[in-house]
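Okay, structure first, notes after.
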Amino acid sequence: MKAIVDGQKCTVCGVCSDACPMGAIALRENQVEISDDCSLCGICVDTCEFGALSLPEVGHGPSEDLGSYRGVWVYAEWREGKVHGVSHELLSAGRILADKRGVELGAVLLGSGLDDQMAGELISYGAEVVYVVDAPELAHFTDERYSKCIVELVNRKRPEIVLAGATSMGRSFIPRVAAGLKTGLTADCTELDIGDEGHLLQTRPAFGGNIMATIICPNRRPQMATVRPKVMKPVRMDGRQGRIERVELPSRCFEARVEVLEVIAEQDQTAKLTEADVIVSGGRGLRSAENFHLIEELAGLMNGAVGASRGAVEEGWMAPSHQVGQTGRTVAPTLYVAVGISGAVQHLVGMQGSQVIVAVNKDASAPIFDVATYGVVADLFEFLPEFVKRIKRER
Amino acid sequence: MHIVVCIKQVPDTKNVRIDPDTHTLVRQGVESIINPFDMFAVEGALKIKDLNGARVTVMTMGPPQAAEALRETLGLGADDAVLLSDRAFAGSDTWATSTTLSAAIRKMGDVDLILCGKQAVDGDTAQVGPEMAALLDVPYATFVKKIDIEEPGFLKVLRQTDEGSELWKLQLPALLTVIKELGEPRVPSLRHKMRAKKAEIAVWGNAELGLDPNSTGLCGSFTQVVRVFSPQRRTNRIQLEGSIENQAEQLFQYLKKARVPGL
Ligand SMILES: Cc1cc2nc3c(=O)[nH]c(=O)nc-3n(C[C@H](O)[C@H](O)[C@H](O)COP(=O)(O)OP(=O)(O)OC[C@H]3O[C@@H](n4cnc5c(N)ncnc54)[C@H](O)[C@@H]3O)c2cc1C
Ligand SMILES: Cc1cc2nc3c(=O)[nH]c(=O)nc-3n(C[C@H](O)[C@H](O)[C@H](O)COP(=O)(O)OP(=O)(O)OC[C@H]3O[C@@H](n4cnc5c(N)ncnc54)[C@H](O)[C@@H]3O)c2cc1C
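Residue numbers (our numbering), protein chains in the order written: chain C, -1 to 393; chain Y, 1171 to 1433.
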């Protein structure tokens, strides 16, 4: 199977051929030819302004009574007794979806020795019901137990939508939940909405952030998505009412062939890149490890974290845990400052979701400027001290 | 010990740049590479082979030319290669991909350890590993940076989380998804390269796997891409001008207006 070309509509303009990530579209004399390399990704379909391309129509119809699934759920992640920011964000986003569908918003809390305070917090962010599973086996996260518990809860209560944060925990165990429920899962979404037919429209970056795709799960329930932290807006609504339901699950949900021997917290708090509101990153332009104190000072002034390009990490100036990009962390802070970083695509994919991007580079043609909100063409060794001085003047 | 490494051929992003005018991808001929994370997985398997002895099979689901990717890993020292290739597999989402890959693992029968990359750099979902583990009903750990085999039948792994690291013990058979810290890939040796050139690569289609055609490829997928578009890029970049002091002042004012925390 491959994409289908309508020869009547095709003008052989070549736009689809340029857009095809598989290189599967060749331009012939007066027609477009699609090779067996076609992965049916559908990118060409959208780039064609003449509507000449389409995907073969297949897929099995709804497998069961989809209408019997109702409600929106958020998996509530927590650390050291505190609800993770992404769960606040998801409850607020879930609230909007639940209102559009006219259904209840629920939160699921798994752990050991959970008090009602955390559940209360989830209610204040929009949940109408909080399902709590409290068991000593859930004290430490393991994919097996956590996924079995959620699968069991979903089978009992049948929500139509299940959302979780695209954190290291969510991205690790939510796929197992989806597979256990035999349903689709969309990864790392940045936008959620309800379509005309009532389906969840899940929008996510792919191909390293170079394209966006909107994905639906038309024939299975629940519709599941992990959502990137710091994208949705958390809205606290105090004085809300909700109920807390403590649920007992059978012992098979707590069986596991994995044992957590040790949890080692990261010593270096500055590496907490994914949660920072401000990140200042340095690249090869810094010339030495010592010079990173310029980056650290600026980050410190804004309560930010320190990031690095792979260039700087490879030089040994920064630990790998600071690396931003394709093989490092993906970040989306309010402010990202790139200093002495050229802006290779592998770096850009890790930071282009940031709200405000400042680029400091002496080379005006550096690709980092393509994604910058504010561009500073200057020698970093002159500019940084001056900028730091300016911030300090206000203190 | 039989280790299967799952690798995926992906478009090489090295030559990819974003056109500053059109804000679309610029690609100078799409070349394919092995997903970088999968190279770390291959290295991890070969390290176990060096230390403890193991048979390493590499496997990919893809078009016929993905055989080249398999050959490349044979050149590094992998023992066998299996290519899962069939038009019926095209258009798979992660569920259909996992269904096909795990059917092949079941067909092999004697697999002790499955290694995957943390994620593929094109689809970027990081879902195939965990979904395969669920379908095979084996324990798994994600984002693994160190593997130790001390006790027969068990693995000790160190995994990277957002908060730090965790030391886990898993019962075999198991599945791991791995990250860069596991080790950069070795260079191919001449001996292995010679063997790789001549090696026979098994090709399994759906006839060999015997899956219901409705459960593979586009037909077997639960998710459906309905729209693809270019992300909105900043077209209104503000280029600061003037003396260094001037630029510092402007930037400070802009960031203050943008309510950057801490300013
Ligand atoms: C598979 C793969 C994965 C990768 N993953 C990542 C990743 O996760 N993250 C990542 O960052 N990279 C990654 N890379 C590497 C990436 O391609 C680049 O090589 C890397 O990002 C370059 O780092 P850099 O910008 O610091 O260095 P360079 O490209 O050398 O850029 C240095 C910049 O500093 C500027 N400069 C120099 N001196 C000054 C000065 N005095 N004042 C101001 N500016 C100055 C220069 O003009 C230049 O633009 C990956 C590559 C591959 C192939
Ligand atoms: C724009 C776009 C968006 C998409 N979004 C989604 C989505 O949200 N949800 C979804 O279910 N599908 C999605 N897909 C489909 C998905 O890309 C494919 O299913 C793909 O085959 C596997 O997913 P991945 O590339 O994300 O791999 P990942 O899950 O990121 O890969 C992890 C590891 O699994 C192994 N692996 C993956 N693929 C193969 C293979 N073919 N052969 C051998 N080993 C492999 C490798 O070890 C790899 O490192 C999307 C596709 C496109 C084009």
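Built from N, CA and C at the ideal position, the CB exists for glycine as well.
Check: Nonlocal neighbours in the same chain, by C-beta distance under 7 Å from residue 1447/Y, ignoring five residues either side; Outcome: The structure shown has nothing for residue 1447/Y, since chain Y only spans 1171 to 1433.
Check: Near ligand 1: residue 180/C beta-carbon under 7 Å from a heavy atom; Outcome: no
Check: Residue-chain proximity (residue 173/C, chain Y), Cβ-Cβ < 8 Å; Outcome: yes
Check: Inter-stretch contact (C-beta, 8 Å, three-pair minimum) for the region 207 to 218 of chain C and the region 114 to 121 of chain C; Outcome: no
Check: Residue 339/C beta carbon near ligand 1 (any heavy atom closer than 7 Å); Outcome: yes
Check: Assigned secondary structure, residue 1338/Y (DSSP; H/G/I helix, E/B strand, else coil); Outcome: strand
Check: Counted within 10 angstroms of its Cβ, other Cβ atoms place residue 291/C as buried (16 or more) or exposed; Outcome: exposed
Check: CA-to-CA distance, residue 1385/Y to residue 110/C, given in whole angstroms; Outcome: 39 Å
Check: For residue 1229/Y, the first and last residue of its enclosing beta strand (DSSP E); Outcome: 1225 to 1231
Check: Backbone secondary structure at residue 1265/Y - three-state DSSP; Outcome: helix
Check: Per-residue DSSP class, three states only, for residue 234/C; Outcome: coil
Check: Endpoints, the alpha helix (DSSP H) within which residue 344/C is located; Outcome: 343 to 346
Check: At least three beta-carbon pairs within less than 8 Å, the region 252 to 263 of chain C to the region 1328 to 1341 of chain Y; Outcome: yes
Check: Residue 267/C at chain Y interface by Cβ criterion, 8 Å; Outcome: Because the pLDDT at residue 267/C is just 48, under 50, the model does not fix this residue reliably, and the point stays unresolved.
Check: Chain-ordered residues of the region 216 to 228 of chain C with a beta carbon less than 8 Å from chain Y; Outcome: 216, 217, 218
Check: At least three beta-carbon pairs within less than 8 Å, the region 88 to 103 of chain C to the region 173 to 186 of chain C; Outcome: no
Check: CB contact below 8 Å: residue 28/C versus chain Y; Outcome: no
Check: Distance between residue 373/C and residue 267/C (C-alpha atoms, nearest Å); Outcome: With a pLDDT of 48 at residue 267/C, under the threshold of 50, the modelled position of that residue is not reliable, and no figure is offered here.
Check: Option in 316/C, 48/C, 251/C, 34/C with minimal Cα separation from residue 6/C; Outcome: 48/C
Check: Local conformation of residue 202/C per DSSP, three classes; Outcome: strand
Check: Distance cut-off 7 Å: residue 32/C Cβ against heavy atoms of ligand 2; Outcome: no
Check: Contact under 8 Å by Cβ, residue 39/C with residue 1395/Y; Outcome: yes
Check: For residue 1283/Y, the first and last residue of its enclosing beta strand (DSSP E); Outcome: 1283 to 1287
Check: Assigned exposure category for residue 1259/Y - 16 Cβ within 10 Å defines buried; Outcome: buried
Check: Inter-residue spacing [alpha-carbon to alpha-carbon] between residue 1226/Y and residue 158/C; Outcome: 42 Å
Check: Check: residue 378/C C-beta below 7 Å from any heavy atom of ligand 1; Outcome: yes
Check: Proximity below 8 Å, CB of residue 338/C to CB of residue 378/C; Outcome: yes
Check: C-alpha gap between residue 335/C and residue 278/C, whole angstroms; Outcome: 5 Å
Check: Chain C contacts from the region 1289 to 1310 of chain Y (Cβ-Cβ distance under 9 Å); Outcome: 1289, 1291, 1292, 1293, 1294, 1295, 1296, 1297, 1298, 1299, 1300, 1301, 1302, 1303, 1304, 1305, 1308, 1309, 1310
Check: Residues bridged to residue 189/C (per DSSP); Outcome: 201/C
Check: Short CB-CB distance (under 8 Å) between residue 1230/Y and chain C; Outcome: no
Check: Neighbourhood of residue 1378/Y by C-beta, 8 Å cutoff - its chain only, sequence neighbours within 5 removed; Outcome: 1277
Check: Segments of 3+ residues assigned as beta strand (DSSP E) that fall wholly inside the region 121 to 176 of chain C; Outcome: 127 to 132, 159 to 163
Check: Bridge-paired residues (DSSP) for residue 260/C; Outcome: 1337/Y
Check: Cβ neighbour criterion (16 or more within 10 Å) applied to residue 1360/Y; Outcome: exposed
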